[in-house]
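Trainee:
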Amino acid sequence: GGWLKMERSFFLKKRRADFVAGSLSGRVIVAGGLGNQPTVLETAEAFHPGKNKWEVLPTMPTPRCACSSIVIKNCLLAVGGVSQGLSDAVEALCVSDS
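If you read the sequence shown in this note's numbering, its first letter stands for residue 1, the second for the next number, and so on.
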């Protein structure tokens, strides 16, 4: 095994660091994190390997970075993190199989 250089279509729609990530319904999900300014982000996106492209997902109710995450059934939970100070928010993004 080794690292592969990915095509441009694999790159995130929005540049981000310190984000939540998980796999739901065969898609790679990323949400929140730090943007360029650095600004705390609420945006989320999903990569479809079969379609070879990213799609925009609903935004997080609480913009934040440095969260922990866990996948339960078809939901990605974002837990805690930082949003104008430490956050106690727990929110779930649930994705259908389609």
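Cβ atoms here follow ideal geometry from the backbone N, Cα and C, with glycine treated the same way.
Could you tell me the boundaries of the beta strand (DSSP E) in which K53 lies?
Mentor: Counting along the chain, the beta strand (DSSP E) containing K53 begins and ends at 53-57.
Trainee: Rounded to a whole number of angstroms, what is the C-alpha to C-alpha distance between A89 and P63?
Mentor: Looking at the two C-alpha atoms, the distance is approximately 10 Å.
Trainee: Spatial neighbours of S83 within its chain, please: C-beta separation below 8 Å, excluding the five flanking residues on both sides.
Mentor: Closer than 8 Å at the Cβ level, and outside the excluded window around S83, lie V40, T62, P63, R64, C65, A89.
Trainee: From V95 to G2, what does the alpha carbon distance come to, in whole angstroms?
Mentor: If I take the Cα positions, the gap works out to 31 Å.
Trainee: What does a CB cutoff of less than 8 Å around E91 pick up in its chain, not counting 5 residues either side in sequence?
Mentor: Only M60, P61, T62, L77, A78 meet the Cβ criterion.
Trainee: Taking the continuous beta strand (DSSP E) assigned at C75, which residues delimit it?
Mentor: C75 -> beta strand (DSSP E) spans 75-79.
Trainee: List the whole-angstrom C-beta distance separating A17 from S69, where the pair is believed to meet the contact cut-off of C-beta under 8 Å.
Mentor: That pair is no contact at about 15 Å.
Trainee: What do you reckon, are the CB atoms on G29 and E45 nearer than 9 Å?
Mentor: Looking at the sequence itself, residue 29 is Ile, so the reference to Gly does not match. Yes, they are a contact pair.
Trainee: Between which two residues does the beta strand (DSSP E) harbouring E45 extend?
Mentor: From DSSP, the beta strand (DSSP E) with E45 extends over 44-48.
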